[in-house]
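Trainee: Sharing a structure below in structure tokens format, with a few things to ask.
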């Protein structure tokens, strides 16, 4: 039996309107996610990944941020039409977010137990004692002894703090967990532990997850499907297997080309030339053309459409519309 669709984002556009110009952070993206599925949202810094997540949570700072267009349907309801109060009932309860930096996400003057209990009290209508008891259980679940509920954040290491943040995010057993670069600030062994933990919790609770990262290695560990984001657009969507076996967009190939491969001897990695475009001044046509090794004149003028090249594998590139003659090789 196929899982039910949980999240359906259609044509989402988010701009930041400032005195210096309009930052086109997210430009008409579509994302679909089923219950219990994990989507990796991958791209360089500035691609619009975090803005997309904040859009789903309805936490885009306004001003300057504005959701210009689109729908975000969660369990069949368009979140963009809900009141702030209705949104508060969903945030932290049905949709939780783990932010990038665990160091700044915790309140330094409250014990970690109190911080987990607070979420449970707000959303689950239980007494303080019960909430504290459940907070202890949540700590145990993420591998921290319940007795440490009375400790303060400064008494924990970075990896432990990140576990506390995960415990807070999962305290209400959300349907959707958005993890924004959850392992960036951690060293590699701790990173692996945190990803293992997230995988186990996903199995246990059937939580759907959007994992935001720039690291394809992390995606390979955790995700079922992948969306590659560039300059506020999704340029390729595929299942994990399709993406790793048959990457199609020149940008995706560039990302793979800049990862070291243990089996091949190469003198140097091939980074993608150039820099991400300025979001206040995006190139015409295909946004990737200034950096693309296959770009032709038509790419400067013509905005590519999304082409489905195999079931569930979509690419936004003129090569697949037959307008550019090029053989894309991994």
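Numbering (our numbering), first residue to last: 32 to 361.
Yeah, the Cβ is synthetic: ideal placement off N, Cα and C, and Gly gets one too.
DSSP state of residue 374, grouped into three classes?
Mentor: Any question about residue 374 goes unanswered here, given that the chain covers just 32 to 361.
Trainee: Just to confirm, are residue 374 and residue 58 a CB contact at a threshold of 9 Å?
Mentor: Because the chain spans 32 through 361 in this model, residue 374 falls outside it and cannot be assessed.
Trainee: Can you tell me which residues form a DSSP beta bridge with residue 155?
Mentor: Reading the chain shown from its first residue, position 124 is the one you call residue 155. Its beta-bridge partners do not exist; DSSP assigns none.
Trainee: Starting from residue 74 and walking both ways along the beta strand (DSSP E), at which residues does that stretch end?
Mentor: As a position in the chain shown, residue 74 is number 43, starting the count at 1. From DSSP, residue 74 is part of no beta strand (DSSP E); its letter is neither H nor E.
Trainee: Nearest by alpha-carbon distance to residue 201: which of 178, 276, 155 is it?
Mentor: If you number the chain shown from 1, residue 201 lands on position 170. Comparing Cα-Cα distances from residue 201 to each of 178, 276, 155, the minimum goes to 155.
Trainee: For residue 241, which three-state DSSP category applies?
Mentor: Residue mapping note: residue 241 aligns to position 210 of the chain shown, counting from 1. In this structure, residue 241 counts as strand in the three-state DSSP scheme.
Trainee: If I follow the unbroken alpha helix (DSSP H) through residue 287, where does it start and stop?
Mentor: Start at 1 with the first residue of the chain shown, and residue 287 comes out as number 256. Unbroken alpha helix (DSSP H) run through residue 287: 281-288.
Trainee: In three-state DSSP terms, what is residue 322?
Mentor: Numbered from 1 along the chain shown, position 291 holds the residue referred to as residue 322. Note: residue 322 maps to helix in three-state DSSP.
Trainee: With DSSP as the reference, identify every bridge partner of residue 105, one or two as the case may be.
Mentor: In the chain shown, the residue the question calls residue 105 occupies position 74. In the DSSP output, where bridge partners are listed per residue, residue 105 has 38, 108.
Trainee: With DSSP collapsed to three states, give me the class of residue 136.
Mentor: Sequence index remark: in the chain shown, residue 136 carries index 105 (1-based). In this structure, residue 136 counts as helix in the three-state DSSP scheme.
Trainee: Alpha helix (DSSP H) containing residue 191: first to last residue?
Mentor: Walking along the chain shown from the start, residue 191 turns up at place 160. Note, residue 191: alpha helix (DSSP H), 189-201.
Trainee: Going straight from the alpha carbon of residue 119 to that of residue 269, what length do you get?
Mentor: Indexing the chain shown from 1 puts residue 119 at position 88. Indexing the chain shown from 1 puts residue 269 at position 238. Residue 119 and residue 269: Cα-Cα distance of roughly 32 Å.
Trainee: Given residue 228, which residues of its chain have a CB within under 8 Å of its CB, disregarding the five upstream and five downstream residues?
Mentor: The residue given as residue 228 occupies position 197 in the chain shown. 173, 174, 194, 197.
Trainee: Output needed for residue 68: all residues of its chain with C-beta closer than 6 Å, excluding positions within five of it in sequence on either side, in chain order.
Mentor: Residue mapping note: residue 68 aligns to position 37 of the chain shown, counting from 1. These residues qualify, in order along the chain: 239, 255.
Trainee: If the criterion is Cβ atoms closer than 9 Å, does the pair residue 243 and residue 84 meet it?
Mentor: Along the chain shown, one-based indexing puts residue 243 at 212. Along the chain shown, one-based indexing puts residue 84 at 53. In contact: residue 243 and residue 84 (Cβ atoms closer than 9 Å).
Trainee: Grouping DSSP H, G and I as helix and E and B as strand, with all else coil, what is residue 181?
Mentor: The residue you call residue 181 lines up with position 150 of the chain shown. In this structure, residue 181 counts as helix in the three-state DSSP scheme.
Trainee: Considering just the uninterrupted stretch of the beta strand (DSSP E) at residue 113, what are its terminal residues?
Mentor: Within the chain shown, numbered from 1, the residue matching residue 113 stands at position 82. Where residue 113 is concerned, there is no enclosing beta strand (DSSP E), given that its DSSP letter is neither H nor E.
Trainee: Is the segment 270-277 touching the segment 288-305, taking contact as three or more C-beta pairs under 8 Å?
Mentor: Not touching, per the Cβ criterion.
Trainee: When burial is assigned at 16 or more other CB atoms within 10 Å of the CB, is residue 210 buried or exposed?
Mentor: Against the chain shown, residue 210 aligns to sequence position 179. Label assigned to residue 210: buried.
Trainee: For residue 129, which option in 359, 332, 205 has the closest C-alpha, if you only look at C-alpha atoms?
Mentor: On the chain shown, residue 129 is found 98 positions in, with the first residue counted as 1. When only C-alpha atoms are compared, the closest one is 205.
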